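So the protein sequences, as listed, match chains A and B. Note that this note's numbering has the first sequence beginning at 148, numbered continuously upward. Note that this note's numbering has the second sequence beginning at 51, numbered continuously upward. Taking it in order: structure first as structure tokens, then the write-up.
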Amino acid sequence: MDLLLPASVFLPMLAAPVSYIIGRKSKNARNIFAMAVQVLILFPTLWLLVRALSGKDAAAFSLEGFCGLGLHFRSDGFRSLYAAVAAVMWCFTGLFSPEYFAHYRNRNRYTFFCLITLGATLGVFLSDDLYTTFIFFEIMSFTSYTWVAHEETQGAMRAAETYLAVAVIGGMVTLMGLFMLYRNLGTLSFDGMAAAAAQRDSLSALYLPGAFVLFGFGAKAGMFPVHIWLPKAHPVAPAPSSALLSGILTKTGIFGILVLSVYVFRHDASWGLAILLLGCVTMFLGAVLALFSVDLKRTLACSSMSQVGFILVGIACQCLLGEESTLAAQGTVLHMLNHSLFKLVLFMCAGTVYMHLHKLNLNDIRGWGRKKPFLAVCFLIAALGISGIPLFSGYVSKSLLHEGLLEYVHEGEGFALIAGVVEKVFILTGGLTLTYMTKLFVTLFVEKHPTEQRKYNKTGPYLTPLGHIAIGVPACLLLLFGLSPAFSMQALSFLSLPFMDAHPHAVDYFSAENLLGALKSILVAGVAYPLIVRGWMMKKEGKTRIHVNRWFKRFDLEDTVYRPFISLLLKGLGFVALGADRLLEGVLLPCGVSLLAFLARTADRLLDGWLLPGLTKAGAAAAAGFDAVFDRYLIPTMISVGTFFGRVFDNVTDAVALALKNTAFRLIRPSRGPTVGNRFTYALGSFLDKCAALLNRTVLRAHPIRTRFVPALAAAREDAEENVKHFTRTLSFSLLLFALGLLLVLVAVRVF
Amino acid sequence: MTLLMILTVLFPAACALVLGCAQSLQSNSRALHLFTGGALLVQCAIAVACAAGGDASFTFLTIGQSLPLVLAVDGLARFFVVFFTVMWTVPVFYSFSYMSHDGHEKRYLVFYLLTLSALEALALSGTAVTMYLFFEVMTLLSVALVLHEMTKESIAAGLKYLLYSIAGATMGLLGIFFLVPNTASPTFVPGGSLNASLTCPPETLLIILFITIVGFGTKAGLFPMHAWLPTAHPIAPAPASAVLSGVITKAGVLCVLRLIFYTFGADFIRGTWVQTALIITALLTVFMGSMMAFRTDLFKKRLAYSTVSQVSYVLLGIFLLEGTALQGSLLHVVFHSAIKTCLFLSAGAVIHQTGKTRVSELEGIGKEMPVTLWCFTLVSLGLIGIPPTGGFISKWNLAQGALASGTGFLEWLSPAVLLLSALLTAGYLLPVTIHGFFPGRDYDYASLTKKECGYMMLVPMILCVLFTFLGGMFPGPLTSFFSGITAPLL
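Structure, rendered in structure tokens:
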């Protein structure tokens with residue numbers, strides 16, 4: 148657990164809000180504070196580097212549980228070297244910033260984000276697992292956005308938009324790759340990944356995640372075909388930021404690719420070939436773009452892209468060469484280091500020009516550097532260095548890369564043929580580098596401006612002492628590296644080899660083969676500069692020849708491919724989403740409702756127009772028929788039957804009774820003659836008959852009395868006689884008599 | 051414990067009752083604020099106490115012979131009680147300032163408290179029927195928050211909300227009809243309580259399950275029943291939008307969790323067409339919400355569409371039926387809630403202070419309201435899923451879970467859609483920041499006036515930002531708490 152590591156990462160981040168608060172009160176105090184932080188952070192990182200140089204164990208620090216998987220830092224040779232390079236870059240740009248930004252708005256914002264980006268960049272370079280790398284990489288991407296957008300001009304905003312889009316898309320694609328890598332390997336720590344990958348029979352399952360991760364890191368590095376933001380964003384940022392963007396932020400991308408290549412795809416030739424081809428295209432395309440550019444900073448930005456291509460070739464050679472990757476590994480790390488310092492010096496020189504002229508077009512700034520020897524010398528050191536001229540630092544790193552490539556070509560195995568072509572491109576690109584650097588140097592320091600030269604010569608003191616230090620010290624460092632490669636650069640490169648799993652062995656930097664390579668490049672430049680730059684790329688306008696941009700506008704990958712593609716994609720996806728969004732309310736519900744309505748209406752029609760009338764008629768007919776049957780047949784029949792049965796049941800008892808009465812219980816009655824009655828009835832009857840006849844003739848003519856009283860009275864008398872006879876024969880009569888007798892007995896008993 | 055549960059549910063309602071009856075509070079807004087704020091803080095303490103106690107359950111009513119209505123505390127209830135209460139409390143302080151000139155502040159606060167009561171009851175529901183009951187109650191009460199402005203639009207939006215919610219709940223009810231005869235116990239059992247022998251074919255039950263989930267998913271804005279959300283959320287006052295998006299949508303998530311893991315059981319669903327269908331539905335919603343947010347210019351509507359998308363991240367994590375994904379889901383419940391609350395509050399602050407409602411009008415807003423826009427920006431990064439924010443942690447877990455879920459092509463499609471949606475999220479949130487902070491060279495700095503809102507509005511936002519970042523940097527306590535909940539479920 149070494150607290151120096153988290154301290155160097157988090158202290159600048161913590162200092163950022165402090166500087167913001169100070170800045171609200173005093174701008175000067177803020178500048179001093181920020182500068183102090185950027186200089187002070189140099190010490191822990193240099194201490195880490197010294198520790199590594201003295202051969203001590205790598206310092207490590209981990210914060211378990213942070214963001215889930217934890218933060219893991221480690222400062223072995225390579226990482227401490229690059230942390231130190233980052234700190235150096237920030238330190239010198241920090242010294243240069245106050246004078247550059249003297250007339251800028253929103254400087255508080257710039258300082259704030261600059262400090263956070265410093266911490267995040269150190270976090271990337273010191274990380275020991277891809278998770279940590281990714282966390283700081285993302286923070287860095289977002290905070291560095293403010294650099295690109297800082298000027299807030301239309302061009303800057305557009306470039307910043309591109310930068311952000313590439314950063315966000317790159318970040319997300321990388322994240323997808325990390326998801327898959329973690330799933331496949333079970334860890335994201337560098338050593339863990341190497342061990343897990345070594346145990347696998349085939350790495351083919353890792354190519355897709357690898358490609359995703361490469362996309363994100365490659366975008367930051369400026370690798371073709373995701374380089375589009377770089378030539379636009381680097382020039383529009385303020386010069387100190389351009390230096391950092393080009394010099395160090397591209398290296399965070401390289402760092403990621405390097406980790407992927409030497410830990411996950413260690414010695415994997417297919418992966419190496421992919422990187423080799425991408426690197427080759429990047430290298431060549433960058434140089435061509437730089438050659439065509441007529442803008443000082445854009446040329447430098449395209450040059451960065453090209454140099455990143457060189458570094459990628461170095462990384463590819465490490466994968467291709469397998470165990471004997473030492474030369475390529477040394478070349479990779481040294482070229483990274485050199486390029487960082489070149490771009491630091493070059494962009495600050497460009498910044499000096501811009502600070503005074505607010506112009507960057509080569510035709511406007513030509514001749515401004517005349518009679519400014521300090522600037523010219525610094526620029527020249529970096530320019531010769533980047534072009535790989537012997538005795539300058541770039542020669543050493545490029546020779547190593549070239550030798551690595553040649554080694555693979557000479558082995559003659561695998562993809563040697565392709566590597567052979569790449570080697571030719573390598574030499575050609577080296578020549579082109581010298582060509583465009585010559586173009587810049589000649590324009591800025593040799594040619595004269597047709598109208599303003601006098602004014603340019605009298606600029607006076609164009610840099611403060613701090614500015615001199617900021618540009619001069621890195622230039623001296625470069626000079627030192629170039630003159631004594633065996634002492635300075637070799638030590639640093641050996642330091643880095645364990646990270647890349649390579650073993651040091653000494654190199655003769657000035658061997659004939661290496662010098663020949665450099666010579667070839669110089670020859671290319673010797674042909675290209677007069678013919679192309681001075682010839683085709685200049686045209687006469689009035690008395691002077693001016694630089695013209697011969698680049699074809701159509702050849703802008705961003706404007707012709709990416710932007711149309713993305714806007715088309717967004718339109719298409721947007722259409723799909725809109726469809727999905729409105730599906731329920733716009734399609735399903737209306738369709739459902741219409742369908743239901745249709746069904747309902749149809750049902751309604753069916754019911755109303757056909758079914759109901761039909762039913763009604765049928766019903767009516769049926770009802771009528773039924774009615775008729777009912778009325779005419781059924782009910783009468785039923786009534787008849789009912790009555791019949793009713794009668795039957797009604798009378799059955801009576802009938803039985805009658806039958807019994809007439810059979811078993813028939814009263815035996817003596818037959819008698821006709822009733823005549825006695826005298827009394829006859830007399831009374833005769834009398835009544837005569838009365839009735841009289842009444843019938845008189846009063847009762849209308850309703851005569853028909854009764855014959857003589858037989859009626861005779862019958863009545865007979866009935867009465869009969870009833871008395873019956874009565875006296877019945878039980879009741881007996882009982883009555885019995886009761887009477889009893890009563891008499893009781894009375895008798897009572898009396899007597 | 052029983053008493054504590056009842057208190058958790060009834061205390062906000064009682065406070066609402068007091069608030070509604072006390073005439074003196076109508077005129078005295080200071081007292082109104084003190085009372086409501088105090089009540090919610092006390093409620094927070096009660097909820098924490100309730101969550102801190104052991105498991106308990108209590109039947110407060112039995113419908114007929116076999117339908118007990120139960121309040122119960124278990125792992126999930128513990129989490130949701132505290133979550134609902136805290137996320138309900140934070141925006142209320144903002145609303146004191148935001149609603150001060152509204153005129154109907156008291157009515158708003160009464161319904162605000164009542165809705166909380168229903169939410170607490172929903173969180174503590176121990177049976178599906180209880181859950182359905184309080185789900186409906188919560189819907190009815192929260193309509194008042196949508197209706198608050200009482201304009202024609204808001205009434206239309208409120209009705210739409212009501213119709214969708216009731217339609218959804220009815221679909222949910224269908225599931226409950228089928229569940230009751232098929233489960234061993236009416237209460238929720240971790241891992242599911244489906245009988246071994248079913249009264250209907252499993253295929254039928256799967257269809258029912260799908261309909262039920264889609265029904266309860268209505269509240270969570272799941273396609274195809276999401277359309278109420280972008281209409282209703284933006285129309286409510288900003289603090290209400292914040293809780294509607296941040297909290298109420300999570301009530302739908304809770305119901306889905308209860309149904310899948312506590313009644314049907316993950317094993318019943320795993321590998322069936324229903325799981326595939328649900329995952330695809332969730333993915334479609336994730337994509338559609340982001341894309342629509344990207345295309346929408348109205349600030350709050352954009353955020354509402356974003357909610358549609360983000361809540362489906364949570365549902366996706368549930369449907370994957372995988373431990374890590376489920377943890378990611380619960381993490382996203384918390385983080386999305388904090389983030390979306392902050393986004394709505396800051397959008398509300400912008401609308402409140404400047405009256406600008408469209409994203410395209412917000413040029414230079416960062417110069418006028420720097421703190422507000424900073425809060426907006428920081429939580430935006432969280433929503434996109436940039437480390438070290440909480441959104442990144444939940445997304446990491448969701449993606450890892452998806453890759454390990456064994457769902458065929460959905461294994462890699464899910465993370466891919468999540469990342470596509472993250473890109474779109476960046477596309478619809480970052481322009482606000484960019485145009486707000488980088489208004490361009492032509493910006494008129496001379497006529498710039500500071501329009502920053504007051505502390506009452508800023509503090510809730512800042513709290514959300516802090517939580518988003520601290521929770522993201524140190525997710526250990528949260529993840530271990532969640533793994534305690536999810537372990538018995540799978």
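Glycine included, each C-beta is placed from N, C-alpha and C at the ideal position. Treat the numbers as computed from the prediction; the structure is a model and nothing was measured.
Drop a sphere of 10 angstroms on the beta-carbon of residue i, count the other beta-carbons inside from all chains shown, and report buried for 16 or more, exposed for fewer.
{"i": "C623 (chain A)", "result": "exposed"}
{"i": "N870 (chain A)", "result": "exposed"}
{"i": "S833 (chain A)", "result": "exposed"}
{"i": "C525 (chain A)", "result": "buried"}
{"i": "A246 (chain B)", "result": "exposed"}
{"i": "I319 (chain B)", "result": "buried"}
{"i": "D124 (chain B)", "result": "buried"}
{"i": "L884 (chain A)", "result": "exposed"}
{"i": "T499 (chain B)", "result": "exposed"}
{"i": "E372 (chain B)", "result": "buried"}
{"i": "E253 (chain B)", "result": "exposed"}
Residues of chain A with a CB under 7 Å from the CB of residue i: which are they?
{"i": "W446 (chain B)", "result": "G215"}
{"i": "A476 (chain B)", "result": "V315"}
Are the CB atoms of residue j and residue i within a distance shorter than 8 Å?
{"i": "D223 (chain A)", "j": "P651 (chain A)", "result": "no"}
{"i": "G400 (chain A)", "j": "G426 (chain A)", "result": "no"}
{"i": "Y167 (chain A)", "j": "F259 (chain A)", "result": "yes"}
{"i": "K390 (chain B)", "j": "G296 (chain B)", "result": "yes"}
{"i": "D276 (chain A)", "j": "F208 (chain A)", "result": "no"}
{"i": "L210 (chain A)", "j": "L216 (chain A)", "result": "no"}
{"i": "W294 (chain A)", "j": "P385 (chain A)", "result": "yes"}
{"i": "L484 (chain A)", "j": "A475 (chain A)", "result": "no"}
{"i": "L431 (chain B)", "j": "A292 (chain B)", "result": "no"}
{"i": "L552 (chain A)", "j": "V569 (chain A)", "result": "yes"}
{"i": "L704 (chain A)", "j": "I375 (chain A)", "result": "yes"}
Residue i versus chain B: which residues are under 7 Å apart at the beta carbon?
{"i": "I316 (chain A)", "result": "L473"}
{"i": "L531 (chain A)", "result": "Under the 7 Å cutoff, chain B gives no residues; its nearest Cβ is about 38 Å from L531 (chain A)."}
Within 8 Å (strictly less), CB to CB, does residue i reach chain B?
{"i": "A176 (chain A)", "result": "no"}
{"i": "E705 (chain A)", "result": "no"}
{"i": "I282 (chain A)", "result": "yes"}
{"i": "G212 (chain A)", "result": "yes"}
{"i": "E471 (chain A)", "result": "no"}
{"i": "M304 (chain A)", "result": "yes"}
{"i": "T763 (chain A)", "result": "no"}
{"i": "M319 (chain A)", "result": "yes"}
Could you list which residues in chain A have their beta carbon closer than 9 Å to that of residue i, in chain order?
{"i": "Q450 (chain B)", "result": "F326, Y329, R330"}
{"i": "A454 (chain B)", "result": "R330"}
{"i": "P284 (chain B)", "result": "The premise fails here: P284 (chain B) is roughly 15 Å from chain A at the closest Cβ pair, so nothing lies under 9 Å."}
{"i": "M275 (chain B)", "result": "L731"}
Going along chain A in order, which residues have a C-beta closer than 8 Å to the C-beta of residue i?
{"i": "L431 (chain B)", "result": "F289"}
{"i": "M523 (chain B)", "result": "F213, C214"}
Strictly below 9 Å CB to CB, what residues from chain B border residue i?
{"i": "A296 (chain A)", "result": "I484, F487, F488"}
Indicate whether at least one CB of chain A lies closer than 8 Å to the CB of residue i.
{"i": "M415 (chain B)", "result": "Checking the sequence shown, residue 415 (chain B) turns out to be Ile, not Met. By this cut-off, I415 (chain B) is not an interface position."}
{"i": "A466 (chain B)", "result": "yes"}
Q. Can you list the alpha helix (DSSP H) stretches of 4 or more residues lying completely in the region 321-346 of chain A, in chain order?
A. Taking 4 residues as the minimum length, the alpha helix (DSSP H) runs contained wholly in the region 321-346 of chain A are 337-346, in order along the chain.
Q: Only counting runs of 4 or more residues, tell me where the alpha helix (DSSP H) segments fall wholly within the region 407-443 of chain B, in order along the chain.
A: Complete alpha helix (DSSP H) runs here, min 4: 415-418, 420-434.
(Q) Please give the ranges of any alpha helix (DSSP H) in the region 136-194 of chain B, keeping only runs that are unbroken, at least 4 residues long and fully inside the region. (A) Runs of the alpha helix (DSSP H) inside the region 136-194 of chain B: 155-174.
Q | Uninterrupted beta strand (DSSP E) stretches inside the region 640-675 of chain A (no shorter than 3 residues) | A | Whole beta strand (DSSP E) segments, 3+ residues: zero.
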